[in-house]
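Note sheet for the following structure.
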Amino acid sequence: MPVAPATGLRGKDLVGIDPLSAGEIQLLLDTAEQMREVAERPIKKVPALRGKTVVNLFFEPSTRTRFSFEVAEKRLSADSLNFAASASSVEKGETLIDTARNLEAMQPDFIVIRHRYAGAPHRLARILKASVINAGDGAHEHPTQALLDALTIRLHRGTLEGQVVAIFGDLQFSRVVRSNVLLLSRMGAKVRVGGPPSLVPPGIEQLGCEVYHRMEDAIAGADVVMMLRIQLERQSRVNFPTVREYYDFFALTPERLKLARKDCLVMHPGPMNRGVEIDSRVADGPQSVILEQVTNGVAVRMAVLYLLAGGQGEPASD
Amino acid sequence: MSRLLIKHARVVDPTQKLDHGLDLLLVDGRVEKLAERIQDSRAELLDATGLVAAPGFVDVHVHLREPGYEYKETVATGSAAAVAGGFTGVCCMPNTQPVIDNAAVVEFVRSRAAEVGLARVYPIGAVSKGLAGEELAEIGEMVRAGAVAFSDDGKPVHNAQLMRKVLEYASLFGAPVIDHCEDAHLNAGGVMHEGAASTRLGLRGIPAASEEIMVARNVALAELTGGHVHIAHLSTRGAVERVREARARGARVTCEVTPHHLALTDQAVVDSDYDTNTKMNPPLRSTEHVEALIGAVRDGTVDCFATDHAPHHDDEKALEFDLAPFGVVGLETAIPVTYDLLVRRHKLPLRRFVALWSSNPARLFRLPGGTLAPGSPADVTLFDPDAHDVVDPERFRSRSRNTPFTGQRLRGWPVATIVGGKVVWQRPRR
Chain A
1 MPVAPATGLR
11 GKDLVGIDPL
21 SAGEIQLLLD
31 TAEQMREVAE
41 RPIKKVPALR
51 GKTVVNLFFE
61 PSTRTRFSFE
71 VAEKRLSADS
81 LNFAASASSV
91 EKGETLIDTA
101 RNLEAMQPDF
111 IVIRHRYAGA
121 PHRLARILKA
131 SVINAGDGAH
141 EHPTQALLDA
151 LTIRLHRGTL
161 EGQVVAIFGD
171 LQFSRVVRSN
181 VLLLSRMGAK
191 VRVGGPPSLV
201 PPGIEQLGCE
211 VYHRMEDAIA
221 GADVVMMLRI
231 QLERQSRVNF
241 PTVREYYDFF
251 ALTPERLKLA
261 RKDCLVMHPG
271 PMNRGVEIDS
281 RVADGPQSVI
291 LEQVTNGVAV
301 RMAVLYLLAG
311 GQGEPASD
Chain B
1001 MSRLLIKHAR
1011 VVDPTQKLDH
1021 GLDLLLVDGR
1031 VEKLAERIQD
1041 SRAELLDATG
1051 LVAAPGFVDV
1061 HVHLREPGYE
1071 YKETVATGSA
1081 AAVAGGFTGV
1091 CCMPNTQPVI
1101 DNAAVVEFVR
1111 SRAAEVGLAR
1121 VYPIGAVSKG
1131 LAGEELAEIG
1141 EMVRAGAVAF
1151 SDDGKPVHNA
1161 QLMRKVLEYA
1171 SLFGAPVIDH
1181 CEDAHLNAGG
1191 VMHEGAASTR
1201 LGLRGIPAAS
1211 EEIMVARNVA
1221 LAELTGGHVH
1231 IAHLSTRGAV
1241 ERVREARARG
1251 ARVTCEVTPH
1261 HLALTDQAVV
1271 DSDYDTNTKM
1281 NPPLRSTEHV
1291 EALIGAVRDG
1301 TVDCFATDHA
1311 PHHDDEKALE
1321 FDLAPFGVVG
1331 LETAIPVTYD
1341 LLVRRHKLPL
1351 RRFVALWSSN
1361 PARLFRLPGG
1371 TLAPGSPADV
1381 TLFDPDAHDV
1391 VDPERFRSRS
1401 RNTPFTGQRL
1411 RGWPVATIVG
1421 GKVVWQRPRR
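Here's what the structure looks like:
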């Protein structure tokens, strides 16, 4: 049964998918679909956020997500400032809250935050007047990633309902999987998650998914396969033996992809470890929508900013 | 000569199997007598109508932070918090700076407590020098200076050989060895209980097995040595089972459980949206574990309550969940949290409740008190089982306010605390 879109977002912030209703998700996706059109124009800019200030507060290195937010902000005519933790007072020992309060004193309207620790955006959201947008917090949530993944699936399939989506890889350290399971299950998709048993956190099924350990079982008959990045930098040496063995048992290869539906979409949130969790023949193959995900990321982030700014219905055009 | 006459109290003393309306006369720091009606024209009167009078409550697990971390707590502020929470005595952990690992630091803490003159303070000495887990500290000298037990609390004693030796050596002095049970490798980076809640929040988990492995090891070592091991802040079902089995075999294994592990689950971390006052170690566990702990209180597997009062400065707790220190304060909420939960909701007999806070810990740690038998120290906790109040950290005497119970309405609050026959604290009328 299709969900009626909400008329606006209830909260001041977007800290995760968890607090969103199905109607709010629907509204975000519908709005993002309209935002895609802005990129098709000769002048890729609308004045929706003119005079608004956005601070991109990145405590963790990120290229894709930060650029994507920046592009979204520019297309909406917002003024954006980039704050990279390495070049900041964080190195001088300033606390997160002090950093945020100082930024707030400059009266921004939005703070987009990426942080290595779960819950950091929630902390800021509670104390700041600005709208806080979570661009990834630890192994917790990455809501705009889940929204862009959902938009990509919806554009290909028309709906999320009933889609069998297999998400495979390092579940323990992945914020992408948590946000995706919450969103997709809320919108009626059938979500399977899987990975080596040593990288599956307990109770993940309670987010709204079934757990598989063997890659072949997870992708059998799937409509969408989403591979997660093995975060090599976060692994201790006991989680799995070697990258070589990981590829052998858990990578998405052309042979394994044959077990899924014929037109199964192949997705990856990036950055990819080619030859580790995904074979290049699949990543670059005809079923891959990995670069479309990136394009849709801009539209989704525009929608988030626009709706949090109070926009309703059609995005403002000149 | 001091004389204090407590009139019309409901005297609950498990050591004398008492639960009656009685008067209680305290003379020169000792219990003089208990009787239905005592007349004494020279004594100061304290009307205890509607109140329970119990042998002084003792908290065998607190962190007073002095010397070294006076910005979190001092012997003075911690003692004030203790008596305001209804405690006449506390045992303080040695993870100070310098560590309580020699007689001089034991004497320092005791002399500070004597100057303050509120609660009785019993230092717990370190098992190992500098809490480094390598060399045995001077156990005998510390006993002579007044240490009542030994622990490397905050850290487990990882080295099984060291644990074996301290159990053997401390038995010479009759002192229990307290262990904070966790396996450091299994804990690696964990900040809350491992389960569905930690997965949802994306926080690293501390599995129940981490505690259970160390409890099982300590049981084996208690059986090997005949020494007395006391398990600090027991928090899991498996740990309860290990202790229960060990006791059935006659091993000298005792344990404590904290009010917060009984009253809260890991859902508190979710519901509070990463409030760092729900971060402690061991962590708040899931419902199945909490139910097992309540069962263990009821069936007598748990010997005593203890708060693990762990003051931290607001600035430290105002960090990201991963970066904030573990621990919560407990002294000023312990009685109402446990009374409301166990006596009111779970119908624990009042006499058992008093035993868990008073006679049992006093017996285990061989402390004076824990009884109102004539001739014993005149340490009395008076509390009102019907008093309602809301937890308000702004009213704490402790220097820190890191409690997970802010705003909770609870029943069963302390009203007066008497140490050595002297009223050292009375609940302000509001």
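Protein sequence lines, in the order shown, are assigned to chains A and B. The opening residue of the first sequence carries number 1 in our numbering; numbering runs sequentially from there. The opening residue of the second sequence carries number 1001 in our numbering; numbering runs sequentially from there. The C-beta atom is built at its ideal place from N, Cα and C for all residues, glycine as well.
- Counting along the chain, no beta strand (DSSP E) covers B/V1215; the unbroken alpha helix (DSSP H) around it starts and ends at A1208 to T1225.
- Taking a contact as a CB-CB distance under 8 Å, the pair A/L171 and A/V193 counts as one, their CB atoms being some 6 Å apart.
- At the C-beta level, B/T1403 and B/V1290 stay beyond 8 Å of one another.
- Here B/L1004 really is in contact with B/G1421; their C-beta atoms are around 6 Å apart, less than 8 Å.
- Between A/S185 and A/H213, the alpha-carbon positions lie close to 20 Å from each other.
- Note on geometry: alpha-carbon atoms of A/L14 and B/A1296 lie some 43 Å from one another.
- Taking 8 Å as the upper bound on Cβ-Cβ separation, chain A lies near residues D1273 and Y1274 of the region 1267-1291 of chain B.
- One alpha carbon belongs to B/E1211, the other to B/N1218, and they sit about 11 Å apart.
- Under the 10 Å beta carbon count, B/D1299 is surrounded by fewer than 16 other beta carbons and is classified as exposed.
- The alpha-carbon of A/T99 is positioned some 11 Å away from that of A/L128.
- Using a Cβ-Cβ cut-off of 7 Å, A/G275 is close to nothing in chain B; its nearest Cβ partner there is about 28 Å away.
- B/T1199 belongs to the set of residues whose beta carbon lies under 8 Å from a beta carbon in chain A.
- Within chain B, the residues placing a beta-carbon under 9 Å from that of A/I97 are A1318 and L1319, ordered along the chain.
- Residues of chain B with a Cβ closer than 8 Å to the Cβ of A/H122 are, in chain order, D1273 and Y1274.
- Close partners of B/L1264 in chain A (Cβ separation under 7 Å) are lacking, with about 18 Å as the shortest Cβ gap.
- At a cut-off of 8 Å between beta carbons, A/G136 makes no contact with chain B.
- Put simply, the backbone Cα of A/A6 is about 54 Å away from that of B/T1301.
- The alpha-carbon separation between B/V1116 and B/Y1071 amounts to approximately 17 Å.
- Going by DSSP, B/I1335 is part of the alpha helix (DSSP H) stretching over A1334 to T1338.
- Considered as a whole, the region 1240-1291 of chain B harbours 1259-1263 and 1267-1271 as its complete alpha helix (DSSP H) runs of no fewer than 4 residues, in chain order.
- According to DSSP, A/R114 shares a beta bridge with A/F58.
- In the DSSP assignment, B/P1055 is bridged to B/V1380.
- Among the CB atoms of chain B, none fall inside 8 Å of the CB of A/R186.
- Within 7 Å of the CB of A/H140, the CB atoms of chain B belong to L1201 and G1202, in sequence order along the chain.
- Nearest CB-CB separation between A/Y117 and chain B: below the 8 Å threshold.
- Here A/G8 is exposed: its Cβ has fewer than 16 other Cβ atoms, across all protein chains shown, within 10 Å.
- Uninterrupted beta strand (DSSP E) stretches at least 3 residues long and entirely within the region 1054-1088 of chain B occur at 1057-1062, given in chain order.
- Counting along the chain, A/G136 sits inside no alpha helix (DSSP H); it lies in the beta strand (DSSP E) bounded by residues S131 to D137.
- As a beta-bridge residue in DSSP terms, B/L1410 pairs with B/D1389.
- Proximity of A/R114 to chain B, defined by a Cβ-Cβ separation below 8 Å, is not satisfied.
- In the structure shown, the three-state DSSP call for B/K1155 is coil.
- If you look at B/E1107, you'll find it in the alpha helix (DSSP H) that goes A1103 to V1116.
- Residues of chain B with a Cβ closer than 7 Å to the Cβ of A/G203 are, in chain order, G1195, A1196 and T1199.
- Ranking B/L1348, B/L1372, B/G1154 and B/P1349 by CA distance to the CA of B/S1359 puts B/L1372 first.
- Here the alpha carbon of A/M227 sits roughly 28 Å from the alpha carbon of B/H1193.
- Per the C-alpha coordinates, the member of A/V298, A/A222 and A/M187 positioned closest to A/A4 is A/M187.
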